[in-house]
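Listed in order, the protein sequences are those of chains A and B.
So that you can map any letter, position 135 of the first sequence is 135 in our numbering, and since no number is skipped, the others follow by simple counting.
So that you can map any letter, position 94 of the second sequence is 1094 in our numbering, and since no number is skipped, the others follow by simple counting.
Yeah, the Cβ is synthetic: ideal placement off N, Cα and C, and Gly gets one too.
What follows is a single structure, written as structure tokens, with notes after it.
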Amino acid sequence: MNWRRISLIAVPYLWLAALFLVPFLIVFKISLSDIALSIPPYTPTLDLSEGWSGLRNMISQLDFENFEFLADDDLYWKSYLSSLQIALISTFFCLLVGFPIAYGMANAPQEWQPTLMLLVILPFWTSFLIRVYSLIGLLSNEGMINQFLMWLGLINEPLTILNTNYAVYIGIVYTYCPFMILPIYATLIKLDGSLLEAAEDLGCSRTEAFWRITVPLSKAGIIAGCFLVFIPALGEFVIPSLLGGSDTLMIGKVLFEEFFSNRDWPVASAVAVILLLILIIPIVMYQRNEQRRIEAEQ
Amino acid sequence: MFKVKKSAVLAAAVATAGAGWAQEVRVYNWSDYIDEDLLTKFEEETGFELIYDVFDSNEVLETKMLAGGSGYDVVVPSGTFLQRQIAAGAFQPLDMSKLENAGNLWDVVQARTETYDPGGQYSINYMWGTTGIGVNVGKVTELLGEDAPIGSLDLVFNPENMEKLAECGVHFLDAPAEMIPAALQYIGEDPDSKDEDVLALAEPVLAAVRPYVQKFHSSEYISALANGEICVAFGWSGDILQSRDRADEADNGVEIAYNAPSEGALMWFDQMAIPVDAPNPEGAHAFLDFIMDAENMAAASNYVYYANGNVASQPLLEEDVIGDPAIYPDAETLETLYTTTPYDARAQRFVTRMWTRIKSGT
């Protein structure tokens, strides 16, 4: 009996160890290594044939030099800050766009809801890369948006959207919006309608009822949605590199440059370790929020 | 009994899979860089099954090479990258006894690739070209007058010219190893310098024209130049010539010209080599020998508009390839071309950091 319990608990922990802890330790080890011209391009590597002395030998050669290097150059903290800013603003706009959609879906007639749900999920059937690429066609100077605005006579010259931070915001909001909509929808659909009726009976206006009942009760969904958007947006690489300008500073791009242009795997790993440390705070907060939500539901 | 059978079946399956593996040749080449009829021809002639993948940046290839176990039999790095990967032990020496067509290689090109691969032990030249300036002739002369310096680095590194050109759009390669040597050449410094003090001199040159550069990108300029979206691109010879042909085909009134800058242009070489852990070195050698055949190499050059390192293929080249000085520069221009060698890790970091500063101001 006891063994069964232990093995049940062990499964998620083994999962965590194999898919998170081990990869993290490998990256962390590389971040303490030195760059080398060899395969793989860093030193020292673990020589298993020497057993324990090989391991001791490897550990003695590790140091925190790469982290000191990151602290010395302002490029890195500026990139982290700029990524935080882009992720926060995008999350805000995702909420602004996502909440009304989720609200509309939850209040739509029952028989429409599966179709509406499908429409939100449908874009996932196309590759993420193709969707971002197609935004290039929409946002460019000769793109459909500019053509349309000029045809309407609203503007005389095409707006420069592509290759600016605006395009990055549009790309992130568009791509991650479903991650905001779905958890909010999930909480709104469970909302007890009689609460709103009661509020109205007691003389509460509809807007007031929305702010005092609907929003607080969907808080868990809002928080979950915000984290689901914020966490991947912070390390985003594809969207800023395809839609952003040469001066768009994001940590995902810096990471790519370290890895591919400088071929400096140790510094790239150090950048990744710090990115993970920054993300741990929101991830732990998200975890707690989820736990509380599940407990509340029970 | 059952167990024995199962493992026997497994062993047989592994054996056949192994045999199947040996019949495949996996080639990793640059995108848009071969006449695809050659690929079927290779399969028909040799009986190998060809798996042909493409990439568009040396950095991506190098990361695969240095990680090891790429699974490719033939890869095509550029000279400086090849040199560094040889030093890292990424390639195996060629077995010359399997390369009957090696005599077709052009000594003029071989003398220059000697820097990267002494004695041609590890690689053969596939194609080569220059890095220079592509212009939309009509728009540039309209903005700068009939005597616009379209054949000079002055066009792209003189802020006065660039300020006017910004109106119609300028793209630069997003490749510091191409742009920084050009900037050094412009101010009369050694383009191949690894000295940080010298490299730093390129920064003010590039920073001064940075505000007028619409984008740093290494492939978008092909279509942007062809459809008139931009009027100047600092890019690779063959790409700009492809753009010229696209504009001709579209018949949209856009006339594109390519010039290797008169101050001297960077000459680069794409070399075919065999990774040290290639699963099928036999097939890899067969592929290299096939490519070195004069007729095949001529077909490839006639298709992609790049010069090759195969002297025997020259009589078979079409006139608009061999006769075009933008592809096969005349002896005089050839004299002004320079080559570069790889940056070491320290200089590379310095250059990448400087490039980020130029592009983003940080």
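Exposed unless 16 or more other CB atoms sit within 10 angstroms - verdict on residue i
i                : result
M144 of chain A  : exposed
V315 of chain A  : Absent from the model: residue 315 of chain A. The displayed extent of chain A is 1 to 298, so no value can be given.
W1355 of chain B : buried
Y1306 of chain B : buried
R1112 of chain B : buried
V1014 of chain B : Bear in mind that a pLDDT of 43 at V1014 of chain B, under 50, signals an unreliable position, so the model cannot answer this.
P183 of chain A  : buried
E1335 of chain B : exposed
S1313 of chain B : buried
I26 of chain A   : exposed
E297 of chain A  : exposed
M1096 of chain B : exposed
I304 of chain A  : Given that chain A is displayed from residue 1 to residue 298, the structure contains no residue 304 of chain A and the question cannot be resolved.
L1010 of chain B : Bear in mind that the predicted position of L1010 of chain B carries a pLDDT of just 44, short of 50, making it too unreliable to give a figure here.
N1252 of chain B : exposed
S1301 of chain B : buried
V1054 of chain B : exposed
T1016 of chain B : Model confidence at T1016 of chain B stands at a pLDDT of 44, short of 50, so the residue's coordinates are unreliable and nothing is read from them.
Nearest-angstrom Cβ-Cβ length linking residue i and residue j, presumed shorter than 8 Å
i                : j                : result
K253 of chain A  : S269 of chain A  : At roughly 16 Å, the Cβ-Cβ gap does not stay under 8 Å, so K253 of chain A and S269 of chain A are not in contact.
T1333 of chain B : A1260 of chain B : 6 Å
S1237 of chain B : A1326 of chain B : 6 Å
T1341 of chain B : T1080 of chain B : 6 Å
I1086 of chain B : C1168 of chain B : About 43 Å; that fails the 8 Å criterion.
M1162 of chain B : Y1221 of chain B : That pair is no contact at about 16 Å.
Y42 of chain A   : P266 of chain A  : 5 Å
Contact under 8 Å by Cβ, residue i with residue j
i                : j                : result
T994 of chain B  : M1267 of chain B : Any answer about residue 994 of chain B is impossible in this case: the structure gives chain B only from 1001 up to 1362.
I1077 of chain B : Q1271 of chain B : The displayed chain sequence assigns Pro, not Ile, to residue 1077 of chain B. A contact, by the Cβ cut-off of 8 Å.
W1128 of chain B : G1264 of chain B : no
V1311 of chain B : N1104 of chain B : yes
V1027 of chain B : F1287 of chain B : yes
A220 of chain A  : N107 of chain A  : no
Y1303 of chain B : D1035 of chain B : yes
V1074 of chain B : I1274 of chain B : yes
S33 of chain A   : M250 of chain A  : no
F1091 of chain B : L1199 of chain B : no
E1255 of chain B : G1138 of chain B : yes
L1099 of chain B : H1285 of chain B : yes
V1060 of chain B : F260 of chain A  : yes
N165 of chain A  : I86 of chain A   : yes
S1218 of chain B : L1153 of chain B : no
I1240 of chain B : A1247 of chain B : no
A167 of chain A  : L95 of chain A   : no
A199 of chain A  : A209 of chain A  : yes
L279 of chain A  : L234 of chain A  : yes
P282 of chain A  : F227 of chain A  : yes
A1299 of chain B : L1082 of chain B : no
Closest Cα partner of residue i within the set the options
i                : options                            : result
R1084 of chain B : B:E1062, B:I1327, B:V1074          : B:E1062
L159 of chain A  : A:Y169, A:E142, A:V173             : A:E142
I39 of chain A   : B:S1313, B:P1176, B:E1163, B:A1067 : B:A1067
A1175 of chain B : A:G98, A:S246, A:A71               : A:S246
Y1328 of chain B : B:Y1186, B:V1109, B:A1166          : B:V1109
G1228 of chain B : B:K1194, B:V1135, B:M1065          : B:V1135
I121 of chain A  : A:M180, A:L25, A:W211, A:I161      : A:M180
A1177 of chain B : B:Q1214, B:D1192, B:E1024, B:G1188 : B:D1192
W77 of chain A   : A:F92, A:Q287, A:L255              : A:L255
L1184 of chain B : B:D1117, B:N1280, B:L1206          : B:L1206
A36 of chain A   : A:I59, A:I281, A:R263, A:L149      : A:R263
Y1343 of chain B : B:E1196, B:P1204, B:L1165          : B:E1196
S169 of chain A  : A:I6, A:T248, A:I213, A:D63        : A quick correction: the sequence has Tyr, not Ser, at residue 169 of chain A. Ranking A:I6, A:T248, A:I213, A:D63 by Cα distance to Y169 of chain A puts A:T248 first.
G1364 of chain B : B:L1143, B:P1093, B:I1133, B:L1144 : A question about residue 1364 of chain B goes unanswered here, because the residues of chain B that appear run from 1001 up to 1362.
Strand pairing of residue i, partner residues [DSSP]
i                : result
Q1271 of chain B : B:N1125
Y1052 of chain B : B:V1027
V1209 of chain B : Paired residue(s): none; V1209 of chain B is not in a bridge.
N1310 of chain B : B:L1105
V1365 of chain B : Outside the shown range of chain B (1001 to 1362) lies residue 1365 of chain B, about which nothing can therefore be said.
T1131 of chain B : B:W1236, B:L1266
D34 of chain A   : A:T43
N1136 of chain B : B:I1256
P1215 of chain B : The sequence given here has Lys at residue 1215 of chain B, not Pro. DSSP output for K1215 of chain B lists B:H1171 as bridge partner(s).
F1042 of chain B : DSSP output for F1042 of chain B lists no bridge partner at all.
Y1338 of chain B : B:L1266
F1091 of chain B : B:P1275
Contacts of residue i in chain D (Cβ-Cβ under 8 Å)
i                : result
F1216 of chain B : In the structure shown, chain D does not exist; the protein chains are A and B.
Proximity test, residue i beta-carbon vs the ligand COA heavy atom, cut-off 7 Å
i                : result
L1225 of chain B : The ligand COA is not among the ligands present in this structure, which contains no ligands whatsoever.
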